[in-house]
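Heads up: the sequence shown begins at 61 in the working numbering, then just goes up one per residue. Every residue, glycine too, gets a C-beta built ideally from N, C-alpha and C. See structure below.
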Amino acid sequence: MPSWPNSKETSDDDDEFMSEFSSMQMEYFQTPETVIDPSFCGLVIESDRRCILHRQRAGKFVAFEGTDTGRRFIGCATEDGVNCGVLEWVDAPWPVILQRCLTKLWDMYHEQNLGRAQDNEAHRTEVAKLHKELDYLANQYSQLVDDVSKLFDYQDGIKSHDMDCTSQAINELKEKKRRLEEQAKIELQMEKLKLKKEQRCILQSQADIIQNTRKAMKEIEVDRDHLKEEKKKLENVIAELLKVGHGCKEKLDKIKEVVMEE
């Protein structure tokens, strides 16, 4: 875990810290994702410690990733502080049961996100297919308009019935093109609404995870207090039993003395 040197230390101490820093494994330099918590945020003002890499004052963060969700830690407050990793954990690791619950919740979260991503990909493929069909129909329509123009140039004497049929075919193509354009617009609007709904679901899921984590922590504290009370009761019972045992021993000693005198 990286150290936090005091700003009043000498340059020799800085060299020593940098030497220790360069020998560390890179796996320690991964800062977890964080969530905003008004009760624990901002810069560390209790001390003048600074990050070794950036020489900047440390910041307060709350982890929002994996089994460390909800744990508070001290980290680098710079924009590229992700390379500095967790500099100091404020909270101890959660109990094993709570870590398993967090792992299950995150697995469910990633599974839902994967399903949404697959659905979005399938929908984008379908929309692209509709756009391709729409372009193809537009090309057909343009070609038909050219053919009709040529027909008007070479067959000025065509019967009105044939002209009506040609106009009807053009109108049908126009109507089909219009329907396809409307369908494509509706699909795009539905896609936007769906993405907004999914975004709201993700934000709600994050809020639920934080709430469940805090609830689990409170339940663990209640169980711990209950165990302390039970321990005190047991200690009192043992003390009473020892007190009664000492009284019986004194009586036996007196009886033994009377028997010895007789």
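Is it right to say residue i is buried, meaning 16 or more other beta carbons lie within 10 angstroms of its own, or is it exposed?
i, result
"D179", "exposed"
"T129", "buried"
"F100", "exposed"
"C308", "exposed"
"D73", "Its pLDDT being 47, under 50, D73 is placed unreliably in this model, and the value from its coordinates should be taken loosely. So D73 ends up on the exposed side."
"K256", "exposed"
"K120", "buried"
"R131", "buried"
"G126", "exposed"
"A118", "buried"
"A123", "buried"
"L147", "buried"
"C144", "buried"
"W154", "buried"
"C225", "exposed"
"E317", "exposed"
"T185", "exposed"
"K314", "exposed"
"M86", "In this prediction, M86 scores a pLDDT of 36, lower than 50, which makes its location untrustworthy; the coordinate-derived value is nonetheless stated afterwards. Result: exposed."
"Y88", "Its pLDDT being 46, under 50, Y88 is placed unreliably in this model, and the value from its coordinates should be taken loosely. It is exposed - the Cβ of Y88 has fewer than 16 other Cβ atoms within 10 Å."
"V319", "exposed"
Could you tell me the boundaries of the beta strand (DSSP E) in which residue i lies?
i, result
"I134", "132-136"
"A123", "118-123"
Give me the residue from the options with the minimum Cα distance to residue i.
i, options, result
"P134", "L103, Y196, Q172", "The sequence as given places Ile at residue 134; Pro does not occur at that position. Considering only alpha carbons, the answer is L103."
"C136", "V156, L113, V150, A198", "L113"
"Q116", "T91, N296, I105", "I105"
"T91", "R110, D97, E139", "E139"
"I269", "P153, M168, S107", "M168"
"C261", "R176, K291, L190, K234", "R176"
"K237", "D224, Q264, A267, Y201", "Y201"
"A188", "K316, E247, K210", "E247"
"E235", "A276, S107, E310, A198", "A198"
"V95", "Q271, R110, K288", "Q271"
"E93", "S107, A152, W166", "W166"
"D97", "M223, K278, L312, Q266", "Q266"
"E258", "Q172, V156, W149", "Q172"
"A152", "L294, C111, M277", "M277"
Taking only beta-carbon atoms, is residue i less than 8 Å away from chain B?
i, result
"H286", "The displayed structure is made up of one protein chain only, and chain B is not part of it."
query: Hey, is the segment 245-254 in contact with the segment 179-193, meaning 3+ C-beta pairs nearer than 8 Å?
result: The way I'd put it, the segment 245-254 does touch the segment 179-193; three or more beta-carbon pairs between them come closer than 8 Å.
- request: Indicate whether the contact test is met: 3 or more Cβ pairs, each with one atom in the segment 153-164 and one in the segment 293-304, closer than 8 Å.
  value: Verdict: no, contact absent.
query: Counting Cβ pairs, one atom from each stretch, are 3 or more of them under 8 Å apart for the segment 191-206 and the segment 232-246?
result: Segments in contact, yes.
- request: Tell me, please, whether the segment 226-238 touches the segment 204-215 by the rule of three or more beta-carbon pairs shorter than 8 Å.
  value: Contact holds: three or more Cβ-Cβ distances are below 8 Å.
Whole runs of the beta strand (DSSP E) within the segment 143-201, excluding any shorter than 3 residues: Those beta strand (DSSP E) runs which fall completely within the segment 143-201 and span 3+ residues are 146-149.
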